[in-house]
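Residue numbers (our numbering): 35 to 104. Report on the following structure.
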Amino acid sequence: MREYINKNLIVIKKHLSKRTKKLSKLNSKSLIEEFKEWNDPLVENQLIWTLPDLTRIERYNNFCRSIKKR
Numbered sequence: 035m036r037e038y039i040n041k042n043l044i045v046i047k048k049h050l051s052k053r054t055k056k057l058s059k060l061n062s063k064s065l066i067e068e069f070k071e072w073n074d075p076l077v078e079n080q081l082i083w084t085l086p087d088l089t090r091i092e093r094y095n096n097f098c099r100s101i102k103k104r
C-alpha cells in the first residue's frame with residue numbers, strides 16, 4: 035500500500051508544479067500548503083487508513099456484509 039501511495043504522491047507533485055504556474059499567487063500558495071500536509075514524513079511512520087469507494091450499490095452492500103461479520 036505504501037508503494038501505491040508514494041507513486042500517487044509523485045504524480046500529484048508533478049501535476050501540482052504545472053498547476054501552480056497557471057494559478058494566482060494566493061491560490062498556488064494554498065495548494066502548496068495543502069500538499070505539504072500530504073507529503074509529511076510522519077505519514078510514512080504511521081498507519082494509513084483509507085475509506086472504500088461506496089458510490090456503487092454493490093460495493094456498499096459488500097462493505098455492509100463485511101462489517102456485520104466482524
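Even glycine gets a Cβ: it sits at the ideal position worked out from N, Cα and C. Here the structure is a predicted model, which means the values were calculated and not measured.
(message) My output table needs one value for L65: the three-state DSSP class, helix, strand or coil.
(response) Helix, per DSSP.
(message) Within a Cβ cutoff of 7 angstroms, which residues of the same chain sit near T54, ignoring the five residues on either side of it in sequence?
(response) Only residues of its own chain outside the window of five on either side were considered, and among them S62, L65, I66 have a CB closer than 7 angstroms to the CB of T54, listed in chain order.
(message) Does S51 come out as helix, strand or coil in the three-state DSSP assignment?
(response) It is helical.
(request) Determine the direct distance from the alpha carbon of H49 to that of P86, and round the result to whole angstroms. (result) Their backbone Cα atoms lie some 24 angstroms apart in a straight line.
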